[in-house]
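Top line first, the protein sequences correspond to chains H and E.
Start counting the first sequence at 1; every next residue gets the next number (our numbering).
Start counting the second sequence at 1001; every next residue gets the next number (our numbering).
Glycine included, each C-beta is placed from N, C-alpha and C at the ideal position.
Data block below; observations after.
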Amino acid sequence: MDTWRFISYRTLGGFENMALDEALFRMTHNRGKRPTLRLFGWECPTLTIGHFQDPKREVNREFCESHGISVVRRPTGGKAVYHSTDLTYSISACQGPPFSADILTTYEVISKCLVRGLEKVGIKAGVVEEGRRNLRAGVQGGSCFATPFRNELLVRGAKICGSAQLRSHGRFLQHGSILMDFDPVITARITVGPGGDMVQWVRLLSESVTSVNREVPMALDAEALAPFICEGFEEALGIRLESDEPTPREEAEKNRLLNEKYRNPRWNDEGRL
Amino acid sequence: MSAYPDDLLYSRDHTWARVDDTVITVGITDFAQENLGDIISIELYPVDSHVKQGELFGVVESAKTTMELISPVSGYIVSVNEDLFDDVGALECDAYDTGWMIAVEINDLGELDDLLDADAYEEYIEQVEGRR
Chain H
1 MDTWRFISYR
11 TLGGFENMAL
21 DEALFRMTHN
31 RGKRPTLRLF
41 GWECPTLTIG
51 HFQDPKREVN
61 REFCESHGIS
71 VVRRPTGGKA
81 VYHSTDLTYS
91 ISACQGPPFS
101 ADILTTYEVI
111 SKCLVRGLEK
121 VGIKAGVVEE
131 GRRNLRAGVQ
141 GGSCFATPFR
151 NELLVRGAKI
161 CGSAQLRSHG
171 RFLQHGSILM
181 DFDPVITARI
191 TVGPGGDMVQ
201 WVRLLSESVT
211 SVNREVPMAL
221 DAEALAPFIC
231 EGFEEALGIR
241 LESDEPTPRE
251 EAEKNRLLNE
261 KYRNPRWNDE
271 GRL
Chain E
1001 MSAYPDDLLY
1011 SRDHTWARVD
1021 DTVITVGITD
1031 FAQENLGDII
1041 SIELYPVDSH
1051 VKQGELFGVV
1061 ESAKTTMELI
1071 SPVSGYIVSV
1081 NEDLFDDVGA
1091 LECDAYDTGW
1101 MIAVEINDLG
1111 ELDDLLDADA
1121 YEEYIEQVEG
1131 RR
């Protein structure tokens, strides 16, 4: 039976979470190509924006500053995600079974694991078969949750998990956020574009997004959901997760990235160093 | 006959290189862009930047993915295809011609020995796909 490395649930600040994930991704080749799954939460409310997003156009920075929401640019693509109570995962792996060079297939493999995990708490999620692939036509607002893409997860037609990837040198990092709770108003306040219709944006998000605690009768938090998601990966892929910690080299790389990149306003504001 | 143009060289990071004396024109292969899906935007290092073989020269974004662009050679960027900033469509319909990305004045022609010809790249792709 194949084993994956598992870094167990903990909460970190937004900058630290992104620095650690990028460090795990950059050093994937040093771990004998064994994939790493990390489950984590957020010490304080954080907005992560996609690698290519322009926060001046797509994020209400004043609202974030006045409400103590830190803003950090992810290494991965996609749109903005407001993190508070959600369970976030990252997978760092090389291409090769069960993953391929094909991006949609990779999303599909991971989504099936998440479907299995959510089933364990009574949530029947499905994988979007024909979601939107083309962003060139433009999507209103900057929230990841506004639009389901192919192979992402829906529950009763509403999105429950948003995901995005970074690829380089035959390896990938996939981030995903499983919503435990969802507040369409705060998401709309943060991600409505200049001149955007706030009322319409709240309505769209309310209709198109759900959360774990909207779907289950007993309140769950991210840490309580984490073991079920682990079981979902193990069962769907026939693997075993082995608990581990970041190595000293990964910690050193995380600290370098934290100081040089993720705490650097130039990266977070402009997407460059 | 290979599915990839045989007048180009290829890297394992799915970039192609067209050699014209010491100037190397660089782009990404059909394999890379097809796996990415619809490409939305691109960032490239500016003219006069120094790039190294195996290291970053830019980033492309598709609907849900960011892909780092890895240079097949080392040297200074002497030209950048700025048309792609307005319309990335050429990457999908004309990857080996108008979809070029940067031109690099190469430091060491010996680096070309690390690249693959069309047949070897096609074999490499078959290996990559075979791992699925």
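Contact annotation for ASP102(H) against chain E: ASN1035 [CB-CB distance below 7 angstroms, chain order]. Distance check between GLU1034(E) and each of SER100(H), PRO184(H), VAL212(H), ALA226(H) places SER100(H) closest, using alpha-carbon atoms only.
In terms of Cα proximity to SER111(H), the closest of ARG73(H), ARG189(H), VAL128(H) is VAL128(H). Taking one beta carbon from each stretch, the region 242-252 of chain H and the region 51-58 of chain H have fewer than 3 pairs nearer than 8 angstroms; the two do not touch. What THR1022(E) touches in chain H, judged by beta-carbon distance under 8 angstroms, is nothing: the nearest beta carbon there is about 26 angstroms away. Between SER1041(E) and chain H, the shortest Cβ-Cβ separation is below 8 angstroms.
Taking the Cα positions, ARG34(H) is about 16 angstroms away from VAL109(H).
Taking 8 angstroms as the CB threshold, ARG171(H) stays off the interface with chain E.
The region 12-31 of chain H makes no contact with the region 143-161 of chain H; the number of CB pairs closer than 8 angstroms stays below 3.
When DSSP assignments are scanned along the region 82-129 of chain H, the uninterrupted stretches of alpha helix (DSSP H) that are 4 or more residues long and fall wholly within it turn out to be 103-119.
Within chain H, no residue has its beta carbon less than 7 angstroms from that of MET1101(E); the closest one is some 16 angstroms off. Under the DSSP assignment, GLU1082(E) falls outside any alpha helix (DSSP H); it carries neither an H nor an E label.
Relative to the Cα of THR1025(E), the nearest Cα in the group ASP1038(E), VAL1051(E), PHE1031(E) belongs to VAL1051(E).
Among the CB atoms of chain H, none fall inside 8 angstroms of the CB of ALA1120(E). Here ALA219(H) has ASN213 as same chain residues with Cβ atoms under 8 angstroms from its own Cβ, once five neighbours each way along the sequence are excluded.
When secondary structure is reduced to three states using DSSP, TRP267(H) falls in the helix class. Contact check for ILE1040(E) against ALA1003(E) fails: the beta carbons are separated by 8 angstroms or more.
If you draw a 10 Å sphere on the C-beta of ASP86(H), you find 16 or more other C-beta atoms in it, and that means buried.
Burial check for VAL1059(E): the Cβ neighbour count within 10 Å reaches 16 or more, so the residue is buried. Flagged as an interface residue toward chain E: LEU166(H), by a C-beta distance shorter than 8 angstroms. At a C-beta separation below 9 angstroms, ILE1070(E) has these neighbours in chain H: SER168, HIS169. For VAL1026(E), no CB of chain H lies under 8 angstroms from its own CB, so it is not counted at the interface with that chain. The beta carbons of THR210(H) and TYR82(H) sit about 15 angstroms from each other, so the pair does not count as a contact at 8 angstroms.
Within the DSSP bridge table, the entry for ALA19(H) names no partner.
By the neighbour-count criterion, in which 16 or more other beta carbons inside 10 Å mark a residue as buried, LEU1056(E) falls on the exposed side. Here DSSP, grouped into helix, strand and coil, assigns GLY77(H) to coil.
Note on SER243(H): under 16 other CB atoms within 10 angstroms of its CB, so exposed under the neighbour-count rule. For THR76(H), at least one C-beta of chain E is nearer than 8 angstroms to its own C-beta. Annotation: Cβ neighbours of SER163(H) in chain E (cutoff 8 angstroms, chain order): LYS1064.
Interface criterion not met: the Cβ of VAL1073(E) is under 8 angstroms from no Cβ in chain H. Contact with chain E is absent for GLN200(H), since none of that chain's Cβ atoms lies less than 8 angstroms from the residue's Cβ. As the crow flies, the alpha-carbon of CYS64(H) is around 49 angstroms from that of LEU1116(E). Secondary structure note for VAL185(H): its alpha helix (DSSP H) is the uninterrupted segment 184-191.
Under the DSSP definition of a beta bridge, GLN200(H) lacks any partner. In the three-state scheme derived from DSSP, where H, G and I count as helix and E and B as strand, GLY41(H) is classed as strand. Under a criterion of Cβ atoms nearer than 7 angstroms, the residues of chain H adjacent to ASP1013(E) are, in order, HIS169.
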